[in-house]
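Adding 12 to a residue's 1-based position in the sequence shown gives its number in the working numbering. Ideal Cβ placement from N, Cα and C applies to all residues, glycine included. In what follows, a structure is listed as structure tokens, so that the remarks can point back to it.
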Amino acid sequence: MKLQGKRIAILVDDLYEEREFWYPYLRLQEEGAEVRVISRQQTHPSKHGMPSPRRDLAPAEARAAEFDALVVPGGYAPDHLRRYEEVLRLVREMDQARKPIAAICHAGWVLISAGICKGRTMTGYFAIRDDLKNAGAEYVDREVVRDGNVITSRHPGDLPAFCRTLIAALVGEG
């Protein structure tokens, strides 16, 4: 198990994209990581009606020092998450500590609002391409992009590459 002893935070909010939450959540656990759900409420409705994960911590309780990486799933949840300073603080803390931040689909919005995109090469769902560019990122259309500690992907079809890249970052590969 490659990730034994690693602690991963995963953000969730209303209308999260189920595959982009559950695939990394289970894949990281499969590799031995402890995965903690960070959310504003105990549960959140998902985009397609799957069961909601239960919250482990509220954003105000989460600190970068407690985690080895942060995962931000897409769906409509990022539009909610980016409105909360506690979430943006956590993203900025993770970035300042150079810990992996993995964002897929619309999750780039959270990174934009946290102010960590300028000068980075990133990808995301095509609908946020202009938002990423306007935030100072170079947008590329690839299944996964790793720029330092930031890992981005476009959509659920990219999840295998997304998770492989995150796991590699956590074990110090690449």
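- Here G87 is bridged, per DSSP, to Y28.
- Residues R94, L100 of the same chain have their beta carbon placed closer than 7 angstroms to that of S125, with the five preceding and five following residues left out of the count.
- In this structure, DSSP gives I128 a state outside helix and strand, which the three-state scheme calls coil.
- By the CB criterion at 8 angstroms, R48 and A21 fall inside the cutoff.
- Per the C-alpha coordinates, the member of P112, Y137, R104 positioned closest to I128 is R104.
- Of K111, L102, G160, the smallest CA-CA separation from V122 is found for L102.
- Cβ atoms of E32 and G86 come within 8 angstroms of each other, at about 5 angstroms.
- The beta-bridge partner set that DSSP reports for Y151 consists of M134.
- Here R110 is exposed, its C-beta having fewer than 16 other C-beta atoms within 10 Å.
- For D91 and R52, the gap between their C-alpha atoms comes out near 14 angstroms.
- Around the C-beta of L178, 16 or more other C-beta atoms lie within 10 Å, and the residue is accordingly described as buried.
- In this structure M62 is not in contact with E42, their Cβ atoms being roughly 19 angstroms apart against a cut-off of 8 angstroms.
- Within the same chain, M13, K14, L15, Q16, G17, K18 come within 8 angstroms of G44 by CB-CB distance, once the 5 residues on both sides are set aside.
- Shown here, L15 sits in coil according to DSSP, grouped into three states, outside any helix or strand.
- The Cβ neighbour count for P57, taken over all protein chains shown within 10 Å, is under 16; the residue is labelled exposed.
- Listed as beta-bridge partners of I179 by DSSP are no residues whatsoever.
- Excluding five sequence positions before and after Q108, the CB atoms of its chain that fall closer than 8 angstroms to its own CB belong to A76, given in chain order.
- The Cβ atoms of V162 and M134 sit closer than 8 angstroms to each other.
- G131 has its alpha-carbon roughly 17 angstroms from the corresponding atom of S165.
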